[in-house]
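Protein chains: 2
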Amino acid sequence: MSKLTESARKMLEGKNFVYLATVNPDGTPQVTPTWVDTDGHFVLINTAVGRVKHRNVKKNPHVALAITDQTNPYNLVLIRGKVVEHVTGQVAEEHIDKMAKKYRGLDKYPNRSPGEQRVLIKIEPVKVITR
Amino acid sequence: MSKLTESARKMLEGKNFVYLATVNPDGTPQVTPTWVDTDGHFVLINTAVGRVKHRNVKKNPHVALAITDQTNPYNLVLIRGKVVEHVTGQVAEEHIDKMAKKYRGLDKYPNRSPGEQRVLIKIEPVKVITR
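Dropping the structure here:
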């Protein structure tokens, strides 16, 4: 049973950015906006292997997310969670194309660097707050 | 000399929300959207005394912020910084009214709880990245 509420799921399914916070190895926080997806249970983030947020969650799986509605910034969902899986390979490569479709209407993700490998990060929601 | 670039200053002066990440006492990250201001040198955040973000930065002054342009979410400023001052009293109370004016066009901040004390958190920017 996922902790995602109906309103949290809708926000994650919408064309909204999520602000993902992780902790750096030196104990300082890090935050970046990113595209987001959900399978109804997990929060799904797709990033490139070796980027700061990927390196951070490999060492410290605890994350926090804030999502606001693009059309109303006072409509807010906060999620605390834990990264439970890192998926690379074809699934992750196809998933970034799905994200490019969702957010930009494109069939292929256009910003791949040469040799870039994508990773799909699965986050188990621990606490979900809707405001 | 502040590390704030001209474009970072403009983003902070604009009617944009900032996503402020702090670290909880248990080492997990926390992130919330908030109103923001700058005096040209510091990043200024106004919160209520005793709230999670205030408690966190009293224990661990390291913060990270992400700001995107309301009108173009791909226009991004990332700031790593350190809380160097906590100002309470009249200055902080007047400052939240200034924020209510900036973001909502109101002369007085309308959401004060009974007995609420405001605190103006001054953040020294350590690293500023504009994308």
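Protein chains in written order, with the numbering used here: chain A, 110 to 240; chain B, 110 to 240.
In this text, a Cβ means the ideal position worked out from N, Cα and C, and glycines have one as well.
Which residue's Cα is closest to the Cα of residue i: the options?
i	options	result
Val166/B	Val145/B, Thr131/B, Pro138/B	Thr131/B
Val186/B	Ala117/B, Gly149/B, Ala209/B	Ala117/B
Arg227/A	Gly159/A, Arg189/A, Asn169/A, Gly136/A	Gly159/A
Arg213/A	Val172/B, Trp144/B, Pro182/B, Phe151/B	Pro182/B
Asn155/B	Val127/B, Gln139/B, Gly136/B, Asn184/B	Val127/B
His163/B	His150/B, Thr197/B, Asp148/B, Thr180/B	Thr197/B
Asn133/B	Val172/B, Thr147/B, Pro234/B	Val172/B
Lys207/B	Val145/B, Thr239/B, Ser111/B	Val145/B
Thr239/B	Lys168/B, Gly123/B, Asn125/B, Thr177/B	Thr177/B
Pro223/A	Asn169/A, Ala157/A, Leu215/A	Ala157/A
Glu122/B	Met110/B, Thr147/B, Asp135/B	Thr147/B
Ala209/A	Pro170/A, Asn184/A, Asn220/A	Asn220/A
Using 8 Å for Cβ pairs, my map puts residue i next to residue j. What's the rounded Cβ distance?
i	j	result
Ile188/A	Val152/A	6 Å
Val192/B	Leu113/B	Contact doesn't hold; Cβ gap of about 16 Å is too wide.
Val161/A	Gln179/A	The Cβ separation is near 25 Å, so there is no contact.
Lys124/B	Lys211/B	7 Å
Leu129/B	Thr137/B	At roughly 15 Å, the Cβ-Cβ gap does not stay under 8 Å, so Leu129/B and Thr137/B are not in contact.
Leu174/B	Gly149/B	Not really, about 16 Å apart at Cβ, beyond 8 Å.
Glu202/A	Lys231/A	Contact doesn't hold; Cβ gap of about 16 Å is too wide.
Residues of chain B with a CB under 9 Å from the CB of residue i: which are they?
i	result
Arg221/A	Under the 9 Å cutoff, chain B gives no residues; its nearest Cβ is about 17 Å from Arg221/A.
Starting from the beta carbon of residue i, find every residue of chain B whose beta carbon is closer than 8 Å, and list them in chain order.
i	result
Thr131/A	Pro138
Check the Cβ of residue i against every Cβ in chain A and list those closer than 8 Å, keeping chain order.
i	result
Leu174/B	Val140
Under 7 Å Cβ-Cβ, which residues of chain A neighbour residue i?
i	result
Lys128/B	The question names Lys, but residue 128/B is Tyr in the sequence shown. By Cβ distance, chain A contributes Tyr128, Val140, Ala175.
Name the DSSP bridge partner or partners of residue i?
i	result
Pro142/B	Tyr128/B
Ala157/B	Arg227/B
Asn181/A	Asp178/A
Using a beta-carbon distance below 8 Å, is residue i in contact with chain C?
i	result
Lys167/B	Absence of chain C from the displayed structure is noted, the protein chains being A and B.
Exercise. Any residues in the region 133 to 163 of chain B with a beta carbon nearer than 8 Å to a beta carbon of chain A? Which ones, in chain order?
Worked result: Gly136, Thr137, Pro138, Gln139, Val140, Thr141, Pro142
For this session: Check distances from the C-beta atoms of the region 167 to 195 of chain A to those of chain B and list, in chain order, the residues that come in under 8 Å.
Result: Those would be Asn169, His171, Val172, Ala173, Leu174, Ala175, Thr177, Gln179, Pro182, Leu185, Leu187, Arg189, in chain order.
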